[in-house]
Each structure stands twice: as structure tokens, then as C-alpha cells.
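Asks: Take the sequence shown: its position 41, counted from the start at 1, is 41 in the UniProt record's numbering, and no numbers get skipped. Where is the CB? At the ideal position from N, CA and C, for every residue including glycine. Since the model is a prediction, treat every value here as computed from it, not as a measurement. Please find one structure pasted underneath; my questions will follow.
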Amino acid sequence: MMMALFYLNHHPESKLIPTDPKKHALFEQAASIEFANFDFNADPLIKALARKRKTESRRFLGLDSDQAPLDAKMETLEGRLDVYDKILAKQRYIAGDEITLADLFHLPRVQFIETYIKSGVMTSSSRPHVARWYNELLSRPSWKAFEGGVKTGILEY
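As C-alpha cells, this is what we get:
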């Protein structure tokens with residue numbers, strides 16, 4: 001996150017960080033919401049899944065992973081998404097009607113959660129505005145290019 005902010009503050013032509021003072025304040029608010037409410041709940045989910053997978057690989061020892069903590073974290077995150085749905089009912093993106101870096105900050109974790117933890121959490125009919133926002137972000141050419149992987153000639157990421 002900090003590297004992205006540093007880069008974009010030195011390349012304002014990207015327009016992912018608004019320069020208008022009011023829009024910039026909304027961006028800062030949205031970025032802090034992403035960090036304190038979304039990231040704060042998504043990261044433990046991802047870490048819990050990693051621990052669960054490690055435990056499953058040692059199942060022959062009689063160890064079994066506990067699903068309850070993962071379910072509790074998912075429930076908390078879904079509550080946060082309910083709030084996002086209310087915000088997105090009033091505006092197109094998290095910080096207003098123009099996309100900002102605050103929206104894009106969500107994509108890596110959201111994709112991980114959708115793919116490995118709970119498919120459909122972002123596209124649930126109970127949160128139509130989150131679904132619209134999520135699908136719109138996924139349809140961006142820049143995300144499609146990123147999602148396809150980075151070709152380096154040596155490794156693919």
C-alpha cells in the first residue's frame with residue numbers, strides 16, 4: 001500500500017489519488033476504511049486459511065483444523081461488506097464517483113477470498129452494490145492484465 005501511495009504521489013497523472021482537496025479527503029477516508037475495516041478482517045482470514053492448509057497436510061498425525069475461527073472471521077468481514085453496500089448504494093466507488101487507489105487496494109485480498117475461502121461473498125444478491133462495484137473493478141483492463149500474470153522471461157508471477 002505504501003509503495004503504491006509513494007509512486008502515485010510522484011505520478012499524479014494517474015488520477016488514482018484525487019488532487020481536489022475535497023475528493024482527496026474522501027480518498028483518504030476510503031483508504032483508511034479499507035485498511036482498518038477490510039484489511040483488518042481479510043488478513044486474518046487469509047492467514048487462517050494458510051494455517052488450516054498446513055494442518056490439513058499433517059492430517060495423518062490426527063490433527064484436524066478448527067473451522068470455527070475461520071467462520072467467525074468471515075462473518076465479521078461480511079458485516080463490513082454490508083456497510084460497504086450502503087456506501088456503494090450512494091456512490092459508484094468507495095471514495096465517490098471516480099475510481100481511486102482505495103478501490104484497487106481491495107482487489108488482491110478479495111480475489112484470494114473469492115477463490116480460496118468463500119466464493120460468492122462479493123457477488124451475493126444480498127449486497128447488490130458491492131457486487132456491481134466488484135464486477136466493475138474486475139472488468140478493468142489493468143486488472144485483467146495483472147490477473148493474467150507478469151511475464152518476466154524467467155518466472156511467472
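Within its chain, find whatever has a CB closer than 6 Å to the CB of T76; leave out the 5 residues flanking it on each side and keep chain order.
Replies: Locating residue 76 in the sequence shown gives position 76, where the first residue counts as 1. Correct list, in chain order: N41.
Asks: Where do the ends of the alpha helix (DSSP H) carrying H129 lie?
Replies: Here residue 129 is taken as the residue at index 129 of the sequence shown, counted from 1. P128 to L138 is the span of the alpha helix (DSSP H), which, as asked, contains H129.
Asks: Using 8 Å as the limit for Cβ to Cβ distance, is T100 near chain E?
Replies: No chain E appears in this structure, which consists of one protein chain only.
Asks: Spatial neighbours of A102 within its chain, please: C-beta separation below 7 Å, excluding the five flanking residues on both sides.
Replies: As a position in the sequence shown, residue 102 is number 102, starting the count at 1. Closer than 7 Å at the Cβ level, and outside the excluded window around A102, lie F27, A30, A31, E34, I94 and A95.
Asks: Out of curiosity, what's the CA-to-CA distance linking R140 and F105?
Replies: Walking along the sequence shown from the start, residue 140 turns up at place 140. Walking along the sequence shown from the start, residue 105 turns up at place 105. In a straight line, the C-alpha of R140 is about 14 Å away from that of F105.
Asks: Hey, quick one: how far does the alpha helix (DSSP H) through Y93 stretch, first residue to last?
Replies: Here residue 93 corresponds to residue number 93 of the sequence shown, with the count starting at 1. From DSSP, Y93 is part of no alpha helix (DSSP H); its letter is neither H nor E.
Asks: Between the C-alpha atoms of A48 and T19, what's the straight-line distance to the nearest angstrom?
Replies: For the purposes of this step, residue 48 is identified with residue 48 of the sequence shown, where counting begins at 1. For the purposes of this step, residue 19 is identified with residue 19 of the sequence shown, where counting begins at 1. When rounded, the distance between both Cα atoms is 38 Å.
Asks: CA-CA distance, S119 and V110?
Replies: Here residue 119 corresponds to residue number 119 of the sequence shown, with the count starting at 1. Here residue 110 corresponds to residue number 110 of the sequence shown, with the count starting at 1. Distance between the alpha carbons of S119 and V110: 10 Å.
Asks: Taking the alpha helix (DSSP H) that L104 falls in, what are its first and last residues?
Replies: In the sequence shown, counting from the first residue as 1, residue 104 sits at position 104. Taken as a continuous stretch (DSSP letters only), the alpha helix (DSSP H) holding L104 covers L101 to L104.
Asks: Leaving out the 5 sequence neighbours to the left and right, which residues in its chain are closer than 7 Å to E13 when beta-carbon positions are compared?
Replies: What you label residue 13 is simply residue 13 of the sequence shown in a count that begins at 1. If we look at E13 and ignore the five residues flanking it on each side, it has no Cβ neighbours.
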